[in-house]
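If you want the numbering used here, it's the position in the sequence shown, counting the first as 1, plus 352. Heads up, the thing below is written out as structure tokens.
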Amino acid sequence: MKNAILLLLVALVSFAALGQQHSEADGLLYHADGSLFNGKFYTYFSNKNTRAEYTVENGKLNGPALFYFANGKLMEKGQYLLGEKHGNWERYNEDGKLTASAEYEFGKKHGKWMVWDTNGKKRFEMEYTLGEKTGTWYEWNEENELISQRTY
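Given below as structure tokens:
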């Protein structure tokens, strides 16, 4: 997973107007001179708005990460720990409404996951333990009626 994320970063930076060369190898992000990247790493849309903002330590994603829509509004936010998603991640629609909340532990789905529709109604509630489906999962329809309940 971390290699895929770093490869995505490198691919995105090729479209960004950074003027610097970066490379990825062995799941780490490097400067052109071969030193490990440290600090904030940005990617951009063609309209020059920020696409993503990452914190990188010793070449690995580590710390806050923010993702934006092309119009500049926040799309998703979360944290990385040693190159893996960790803790709470939230996703928003272009109107700024929360559409999903998810928990990760060292890159694995862990804890409660919730999904809301564009009207703010909860549609799904799920639970994971270290990547495995657990607990009782719920699904609601547009009228907020429970239509599915499943226990794992």
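Beta carbons are placed, not taken as given, at the ideal position from N, Cα and C, and that holds for glycine.
Cβ pair residue i, residue j closer than 7 Å
{"i": "Y396", "j": "A417", "result": "no"}
{"i": "T402", "j": "Y394", "result": "yes"}
{"i": "K485", "j": "Y504", "result": "yes"}
{"i": "G435", "j": "K461", "result": "no"}
{"i": "Y444", "j": "L450", "result": "yes"}
{"i": "Y491", "j": "S500", "result": "Per the sequence shown, the amino acid found at residue 491 is Glu instead of Tyr. Yes, these two residues count as a Cβ contact at 7 Å."}
Start-to-end residues for the beta strand (DSSP E) that takes in residue i
{"i": "G391", "result": "391 to 396"}
{"i": "S387", "result": "Where S387 is concerned, there is no enclosing beta strand (DSSP E), given that its DSSP letter is neither H nor E."}
Integer-rounded CB distance, given that residue j should sit under 8 Å from residue i
{"i": "E497", "j": "W489", "result": "Their Cβ separation, rounded to whole angstroms, is 16 Å, which puts E497 and W489 out of contact at 8 Å."}
{"i": "E442", "j": "K429", "result": "6 Å"}
{"i": "K425", "j": "E446", "result": "6 Å"}
{"i": "F458", "j": "H438", "result": "6 Å"}
The ligand GDP heavy atom lying under 6 Å from the CB of residue i
{"i": "A422", "result": "The model on display carries no ligand, and the ligand GDP is accordingly not part of it."}
**Start-end ranges of the beta strand (DSSP E) lying completely within the region 419 to 504, minimum 3 residues** = 426 to 433, 439 to 444, 450 to 457, 463 to 468, 474 to 481, 488 to 492, 498 to 503
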